[in-house]
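Heads up: the structure comes next, in C-alpha cells.
Protein chains: 2
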Amino acid sequence: MNTTRGDKPAFHDGGHEHQSCIEDALARADDVCRERGVRLTPLRRRVLELVWSSHRAVKAYDLLAALGDAVGAAKPPTVYRALEFLMAQGLVHRIDSLNAFVGCPQPDHRHSAQFLICGGCGDVSELNAASIDRAVADQAADSDFALSRSIIELHGRCPRCATLPPTP
Amino acid sequence: MNTTRGDKPAFHDGGHEHQSCIEDALARADDVCRERGVRLTPLRRRVLELVWSSHRAVKAYDLLAALGDAVGAAKPPTVYRALEFLMAQGLVHRIDSLNAFVGCPQPDHRHSAQFLICGGCGDVSELNAASIDRAVADQAADSDFALSRSIIELHGRCPRCATLPPTP
DNA sequence: ACGGCTCTGCTATAGTGTAACGTCCTGCCG
DNA sequence: CGGCAGGACGTTACACTATAGCAGAGCCGT
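Chains A and B, in that order, give the protein sequences. Per my numbering, residue 227 is the first one in the first sequence, and the count goes up by one each step. Per my numbering, residue 227 is the first one in the second sequence, and the count goes up by one each step.
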C-alpha cells in the first residue's frame with residue numbers, strides 16, 4: 227500500500243493484494259457515511275466497489291456494463307446518480323481529462339488533489355502535495371482570482387511503465 | 227490588454243477593444259503557420275477566429291453552429307479536424323473540464339499552461355507560472371513519474387465577478 | 001396510517017466525439 | 001503538359017458521454 231505521504235508516495239506495486247484495497251475503501255466509505263448520516267445504499271456501495279476494482283480510472287459506461295452483467299442491464303442515470311453521490315461524499319473523484327472516475331483513498335476529509343495518470347498501465351495515483359496547492363493559491367491570488375476548485379491531472383509514465391515508448 | 231507576465235497578469239477588462247485581440251491572434255497564427263510551413267486554410271482560420279470571438283471557452287458544437295450559419299450546416303468532423311490542427315500548432319488549447327476550446331495567446335513557443343476559469347463571466351485566462359510548473363515537476367520527480375502533459379484548470383471567480391455568489 | 005422524503009427505474013433525448021470512405025485540390029516531378 | 005502523391009474537406013453513419021423528467025417503491029418520523 228501507499229500513503230501518498232511517504233518517501234516514494236505514488237503508485238502501487240504490481241503484486242500487491244488488491245482485494246484489501248477494495249475492502250479498506252469500502253470500510254472507510256461505511257465509516258464516513260455513517261458519521262455523516264448519509265446512506266451508502268447497496269447500489270452505491272456496489273458502484274464504489276466497481277470503481278475500486280482497479281487503480282485505473284473507470285468509465286461510467288463500463289460501470290454500467292458491469293452492473294448489468296447478470297440482471298437486466300442498468301440504465302445510465304442509475305450509475306450517474308450513484309457516482310454523483312459518491313463524488314459529493316468525496317468517495318470518488320472524476321478525472322476530467324479521461325471522462326472517468328477513480329476511488330479516493332482519503333474520503334474522510336476535504337482536500338484538493340492532484341492526479342498522476344500513467345499512459346502505460348492506466349493506473350492513477352492521487353497526490354496531496356501542499357507545495358502544488360501553495361503555488362496554485364499564490365498564482366491565483368496574484369491575479370485577484372477567487373479560487374474554488376483546482377483540477378490538476380498529470381499525464382505521463384509511472385515508474386514501472388517508464389521504459390516503454392510514449393504511447394499517449 | 228494583458229501580458230500574463232505583469233503585476234496583475236490575468237483577465238481582460240470589460241471595456242477592452244476585443245476586435246484587436248482577434249486580429250492579433252489571427253496575425254500571430256498566420257506568422258507561425260508560415261514559419262512552420264503548414265497551411266492555415268480559410269476554414270481553419272475561420273474556426274480560429276470564432277474561438278477568439280470571446281475570451282470564453284467555446285464548445286465544438288457552438289463553432290459548428292456558427293460555421294453553418296449561412297450555408298448548409300457544417301458537420302462535426304469539419305470542426306473537430308480544424309480544432310485538431312489548431313491544437314497541434316498550439317493555436318488553441320482544450321479545456322477538458324469544460325469540453326471546450328480557447329485561443330492561446332502565445333502560440334509561438336511550446337509551453338505548459340494553467341487556466342483560470344471564471345464561473346461568473348466564463349472568461350478564461352492563461353497563466354504560464356514557472357512556480358506551478360516547478361512544484362508539479364518536483365512532485366512528479368518525487369514519485370519517479372515521467373511527466374508528459376500537465377492539465378491544470380483552476381475554477382473560481384475573476385476580480386470583476388468576485389462579488390457575485392458562487393454559481394458554479 | 002399518513003405524509004414527506006429519498007432512492008431507484010425507466011424512457012427519451014441532448015451533447016460530445018470519431019471511423020471510414022470518397023472527392024477535390026494542390027504542389028511536385030518527370 | 002500530364003500524372004501522381006498527399007493533404008484537406010465533405011458526408012454518412014455511428015459510438016460514447018450525460019441529463020431531463022416522470023413514476024413507483026421504500027424509509028422514517030409523527
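Here a beta-carbon is modelled for each residue, glycine too, at the ideal position from N, C-alpha and C. As the structure is a prediction and not an experimental result, all values here were calculated from the model.
Your pair Phe341 of chain A and Leu380 of chain A checks out as a contact, with CB atoms roughly 7 Å apart and the cut at 8 Å. Annotated three-state conformation of Phe341 of chain B is strand, per DSSP. Taking Val258 of chain A as the centre and dropping the five residues before and after it, the same chain places the C-beta of Gln315, Pro333 and Asp334 closer than 7 Å to its C-beta, in chain order. Residues of the region 351–371 of chain A whose Cβ lies closer than 8 Å to any Cβ of chain B, in chain order: Ser351, Leu353, Ala355, Ser357, Ile358, Arg360, Ala361, Val362, Asp364, Gln365, Ala366, Asp368, Ser369, Asp370 and Phe371.
Interface criterion not met: the Cβ of Ser338 of chain A is under 8 Å from no Cβ in chain B. Only exposed fits Arg336 of chain A, as fewer than 16 other CB atoms lie within 10 angstroms of its CB. According to the DSSP assignment, Ala372 of chain A belongs to the beta strand (DSSP E) that extends over Ala372 to Arg383. In the three-state reduction of the DSSP assignment, His238 of chain B falls in the coil class. Excluding residues up to 5 positions away in sequence, Leu269, Leu290 and Leu293 lie with their Cβ nearer than 8 Å to the Cβ of Thr304 of chain A in the same chain.
Look at the region 295–320 of chain A: it has no residue with a C-beta under 8 Å from a C-beta of chain B. Inter-segment contact for the region 243–262 of chain B and the region 358–377 of chain B is absent: fewer than three beta-carbon pairs are separated by less than 8 Å. With a 10 Å radius around the Cβ and a threshold of 16 neighbouring Cβ atoms, Ala366 of chain A comes out buried. According to the DSSP assignment, His244 of chain B belongs to the alpha helix (DSSP H) that extends over His244 to Arg262.
Residue environment for Pro302 of chain A: exposed (fewer than 16 other C-beta atoms within 10 angstroms of its C-beta).
Taken through DSSP and simplified to helix, strand or coil, Arg320 of chain A comes out as strand. Less than 8 Å separates the beta-carbon of Ser351 of chain B from that of Ser369 of chain A. Less than 8 Å separates the beta-carbon of Phe371 of chain A from that of Cys384 of chain B. Pairing Ala299 of chain B with Trp278 of chain B, the inter-Cα distance amounts to about 21 Å. In the three-state DSSP reduction, Leu266 of chain B falls in the coil class, being neither helix nor strand.
Close to chain B, meaning a Cβ-Cβ distance shorter than 8 Å, are the following residues of the region 374–390 of chain A: Ser374, Arg375, Ser376, Ile377, Ile378, Glu379, Leu380, His381, Gly382, Arg383, Cys384, Pro385 and Ala388. Relative to Gly345 of chain B, the option among B:Ala255, B:Ser374 and B:Thr389 whose CA is nearest is B:Thr389. Not one beta carbon of chain A lies nearer than 8 Å to the beta carbon of Leu293 of chain B.
Closest in C-alpha terms to Gly329 of chain B, from the list B:Val362, B:Asp364, B:Ala286 and B:Ala363, comes B:Ala286. The Cβ of Asp349 of chain B sits no closer than 8 Å to any Cβ of chain A. Annotated three-state conformation of Ser351 of chain A is strand, per DSSP. Following the DSSP letters along the chain, one finds Ala326 of chain B inside the beta strand (DSSP E) bounded by residues Ala326 to Gly329. Linking Ala255 of chain A to Leu266 of chain A through their CA atoms gives a straight-line distance of about 8 Å. Against Ser323 of chain A, the close residues of chain B are Asp322 and Ile377, in the order they occur along the chain (beta-carbon pairs closer than 8 Å).
For Leu266 of chain A, not one C-beta of chain B is nearer than 8 Å to its own C-beta. In this structure, the alpha-carbon of Ser338 of chain B lies about 7 Å from that of Ser376 of chain B.
Nearest to Ile343 of chain B by C-alpha distance, out of B:Glu310, B:Ile378 and B:Ala363, is B:Ile378.
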